[in-house]
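Structure first, then comments.
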Amino acid sequence: MNPLIFIGLKLLTERKRQALVSILGVALGVGAFIAMSAVMNGFQSYFVQQVVDVNAHITLKVEETEDPEKILRLAYGSDILSDVLGSKPKELKDKITGYKNFLTKYQQDDRIIGVAPHLTGQAIINYGTKEKSASMIGIDETLEKKASIMDQYLEHGNIEKLTTDRNSIIIGKVLAKDLGVREIGKKVTLVAPNGAVYTLKVSDFFNSGITTIDQVRVYLNLRTLQAILDKPNQVNELIFKVKNVDEADKIAADISKDTGYFAESWQKAYSNILDIFKLQDWITYMIVFAILIVSAFGIFNIMMMTVLEKKKDIAILKAIGYEDTDVTKIFVFQGLLVGLIGALVGCALGYLIQVWLSSLDFNLEGMIRTKGFVLDRDPIYYVYGFLFAVIFSFFASFYPSWRASSLFPVDIFRSGG
Amino acid sequence: MNTIIEAKDITKTVGLNKILKGVSLQIKQGDLLSIIGVSGSGKSTLMYILGLLDEPTTGEILVNDNPINFKDKKYLSYIRNKKVGFVFQFHYLISELTALENVLIPTLKNINNNKKESEEKCASLLDSLGLKGKEKRKPYELSGGEQQRVAIARALANDPEIIMADEPTGNLDSKNTRIVMDIFIELNLQGKAILMITHENDLAKETNRIIKMNDGIIESIS
Numbered sequence: 261m262n263p264l265i266f267i268g269l270k271l272l273t274e275r276k277r278q279a280l281v282s283i284l285g286v287a288l289g290v291g292a293f294i295a296m297s298a299v300m301n302g303f304q305s306y307f308v309q310q311v312v313d314v315n316a317h318i319t320l321k322v323e324e325t326e327d328p329e330k331i332l333r334l335a336y337g338s339d340i341l342s343d344v345l346g347s348k349p350k351e352l353k354d355k356i357t358g359y360k361n362f363l364t365k366y367q368q369d370d371r372i373i374g375v376a377p378h379l380t381g382q383a384i385i386n387y388g389t390k391e392k393s394a395s396m397i398g399i400d401e402t403l404e405k406k407a408s409i410m411d412q413y414l415e416h417g418n419i420e421k422l423t424t425d426r427n428s429i430i431i432g433k434v435l436a437k438d439l440g441v442r443e444i445g446k447k448v449t450l451v452a453p454n455g456a457v458y459t460l461k462v463s464d465f466f467n468s469g470i471t472t473i474d475q476v477r478v479y480l481n482l483r484t485l486q487a488i489l490d491k492p493n494q495v496n497e498l499i500f501k502v503k504n505v506d507e508a509d510k511i512a513a514d515i516s517k518d519t520g521y522f523a524e525s526w527q528k529a530y531s532n533i534l535d536i537f538k539l540q541d542w543i544t545y546m547i548v549f550a551i552l553i554v555s556a557f558g559i560f561n562i563m564m565m566t567v568l569e570k571k572k573d574i575a576i577l578k579a580i581g582y583e584d585t586d587v588t589k590i591f592v593f594q595g596l597l598v599g600l601i602g603a604l605v606g607c608a609l610g611y612l613i614q615v616w617l618s619s620l621d622f623n624l625e626g627m628i629r630t631k632g633f634v635l636d637r638d639p640i641y642y643v644y645g646f647l648f649a650v651i652f653s654f655f656a657s658f659y660p661s662w663r664a665s666s667l668f669p670v671d672i673f674r675s676g677g
Numbered sequence: 002m003n004t005i006i007e008a009k010d011i012t013k014t015v016g017l018n019k020i021l022k023g024v025s026l027q028i029k030q031g032d033l034l035s036i037i038g039v040s041g042s043g044k045s046t047l048m049y050i051l052g053l054l055d056e057p058t059t060g061e062i063l064v065n066d067n068p069i070n071f072k073d074k075k076y077l078s079y080i081r082n083k084k085v086g087f088v089f090q091f092h093y094l095i096s097e098l099t100a101l102e103n104v105l106i107p108t109l110k111n112i113n114n115n116k117k118e119s120e121e122k123c124a125s126l127l128d129s130l131g132l133k134g135k136e137k138r139k140p141y142e143l144s145g146g147e148q149q150r151v152a153i154a155r156a157l158a159n160d161p162e163i164i165m166a167d168e169p170t171g172n173l174d175s176k177n178t179r180i181v182m183d184i185f186i187e188l189n190l191q192g193k194a195i196l197m198i199t200h201e202n203d204l205a206k207e208t209n210r211i212i213k214m215n216d217g218i219i220e221s222i223s
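Residue numbers (this note's numbering), protein chains in the order written: chain A, 261 to 677; chain B, 2 to 223.
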């Protein structure tokens, strides 16, 4: 065995308590990193997955382009300071003209899996004495299944009922709960914006797990909604499902350019939440970083104490022919070994925490609704945790090791050790 | 006799304090010499410089007639490992290691050494110093005299040409002092040069040369 490893091992193993404390510190840091990464990223991935798949990768819609100062800028240039008061919003032409041509065109685009038309509108839903506002979406059942996976979130799988029974309605799970509708087949009353009242039969419940969606959304047959809103053959949205969700931004820009309508990617639509997630990531990693820093300081302190206590040994090692670099290596080796064992124990700890978290059975009701934690058990977190711990341990032990190597043996012999 | 280490007009100044003021000395093969003098006379400083643990302010050190470059730390370490064995007043044994492992440490520095052979040699050294059966004991399980004998065994592990001992009996009772002194005389008879710093005139008288130091210079050699 290499003499430096032999000496380092001896010094470490004979000080078991200190070594164990250091290893525990590193293990806790790594374990916390792995567990927190799995929880946070699991939650975020689940949310993004649900939101993206339930809604659309890209939504083509009519953009409100009110610009009361446009004419002033045309007349006086874009540098003018102006403020137009008393302007009222114009009536928006909320329809996509020639949408059938777009459907045909984009169904042949290699980057796109499916395109489906939507007509959206607001309504009030009554059930018994309960009354709730709802966000209606009229869909074409056949095209919808290609452009979204909303049918996968239906509790009874009755999407085709929208076609076979034009007076059926699919209600969001939370909305149904709020209204008191507990089973399918019940009849609810829908009050359209123009005051017309319709009776519809609940054919299914839509349960995406995203509370904000499930508490307002209802699905109807496209033709039915066109009749309710008095918009025959009109749609105001097209939704797209793309092969690569990360390319949604670029494809949306192309669609915007081609159609002249506003195509919004899922990244743009949920940019606020994605920004919050980024902030959340920062906070999470800052906490984990702090834990690792604390454990690194633990190693640093213990190594410094060891160096101070082992001054005599360092002096004699140098007197009998060991070089400065040998002494550095002896102590760095100890730090690295602590980091290495701590990282391995931390990985095991992280795994056990994940197993425990995934075994918890509870209903999470908040931004998302799940049974227990949604974990992202990506092995890369183990790799990162391991590497962080080893690197931190190396740096934490380097200064004490350098201090040890720079001790002047004569000073120690003179002081009598 | 070949000169092992030679000091040529060395001085050592620390701050404003002139510890050595021009000392010249030759240590030859088979020498048994002691350095005596009052505290602060520069005995230990001279030994540290001769043992290449410290650097003279001026002057020159030659090992086997080759001048030493004190900037070449690697070479200094090599010489200390191969040619010099140190024994101090305090044993400076590593408490986490057994007696045998402590003795083994200097030999491990040379990675070409066969560990098994080194272990056998070190065990035999301990045996020759009356420590048979105590190889696996930790330093705190040994008496003061035994600890110092382990330290001597460690100094001998690489078969050095010279042993430098700084007050080796300073912490020992008279019985152990005698044992240690007898070991040094025996080693000298086997051909090793011994340089010993001592306060005890009786011990110094047992050596072949007594160097008396006073205020940083060699006052007399007898």
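C-beta atoms are modelled at their ideal positions from N, C-alpha and C, and glycine is treated no differently.
All figures in this text were calculated on a predicted structure; none of them were measured in a lab.
Residues of chain A with a Cβ closer than 7 Å to the Cβ of Lys110(B) are, in chain order, Pro263, Gly581, Tyr582.
Going by DSSP, Thr59(B) is part of the beta strand (DSSP E) stretching over 59-64. Counting the other Cβ atoms within 10 Å of the Cβ of Asn209(B) gives fewer than 16, which makes it exposed. Interface flag for Pro660(A) against chain B is unset, since no Cβ pair is found closer than 8 Å. Counting the other Cβ atoms within 10 Å of the Cβ of Thr46(B) gives 16 or more, which makes it buried. The beta carbon of Ile372(A) sits closer than 8 Å to those of Tyr366, Phe500, Lys501, Val502, Lys503, Ile511, all from its chain and outside the five residues before and after it, given in chain order. Boundaries of the beta strand (DSSP E) harbouring Phe500(A): 497-502, taken from the DSSP string.
When DSSP states are grouped into helix, strand and coil, Leu54(B) belongs to the coil group. Just so you know, the alpha carbons of Ala166(B) and Gly146(B) end up roughly 15 Å apart. Judged by beta-carbon spacing, Phe87(B) lies within the 8 Å limit of Ile580(A), meaning their Cβ atoms are closer than that value.
When Cβ-Cβ separations below 8 Å define contact, Glu201(B) makes no contact with chain A.
Apart from sequence neighbours up to five positions away, the residues of its chain that approach Ala292(A) with a beta-carbon distance below 7 Å are Val548, Ile551, ordered along the chain. The beta-carbon of Ala575(A) is placed less than 8 Å from the nearest beta-carbon of chain B. For Thr380(A), the pairing in a beta bridge is given by DSSP as Ile397(A). Straight through space, the alpha carbons of Ile180(B) and Ile211(B) are spaced by roughly 21 Å.
For Phe266(A), the chain B residues whose C-beta falls within less than 7 Å of its own C-beta are Leu109, listed in chain order. For chain B, none of the residues of the stretch 632-648 of chain A brings a beta carbon within less than 7 Å of one of its beta carbons. Taking a cut-off of 8 Å for Cβ pairs, the stretch 553-560 of chain A and the stretch 613-622 of chain A do not touch, as fewer than three such pairs fall below it. Ranked by Cα distance from Val151(B), the first of Glu162(B), Asp160(B), Lys135(B), Pro161(B) is Lys135(B). In terms of CA proximity to Asn418(A), Asn481(A) leads the group Asn301(A), Glu583(A), Asn481(A).
Taking 7 Å as the Cβ-Cβ cut-off, the stretch 122-154 of chain B has no residue approaching chain A.
Fully enclosed beta strand (DSSP E) runs of no fewer than 3 residues occupy 623-625, 629-631 of the stretch 592-635 of chain A, in order along the chain.
Listed in chain order, the non-local C-beta contacts of Thr178(B) below 7 Å within the same chain comprise Thr170, local neighbours out to five positions each way being set aside. Residue-level contact by beta carbon holds for Asn82(B) and chain A, with a gap shorter than 8 Å.
Lys355(A) is positioned such that its CB atom lies no closer than 8 Å to that of Asn467(A). Looking from the CA of Asn561(A), the closest CA among Pro263(A), Val322(A), Val281(A) belongs to Val281(A). Considering only Lys75(B), Thr99(B), Asn18(B), Ile5(B), the residue with the shortest C-alpha distance to Asp216(B) is Asn18(B). Listed along chain A are Lys270, Leu271, Glu274, each with a C-beta nearer than 7 Å to that of Glu97(B). The stretch 83-122 of chain B is shown to contain whole alpha helix (DSSP H) runs of 4 or more residues at 100-109, in chain order. In the DSSP assignment, Met214(B) falls within the unbroken beta strand (DSSP E) covering 210-215. Not flagged as an interface residue toward chain A: Asp160(B), since no C-beta distance is shorter than 8 Å.
For Asn18(B), the enclosing beta strand (DSSP E) stretches over residues 18-29. Interface flag for Lys589(A) against chain B is unset, since no Cβ pair is found closer than 8 Å.
The bridge partners DSSP lists for Asn3(B) come to none. In chain order, Glu583 make up the part of chain A whose C-beta sits under 7 Å from the C-beta of Lys75(B).
Residue contact check for Leu54(B) against chain A: a CB pair falls below 8 Å.
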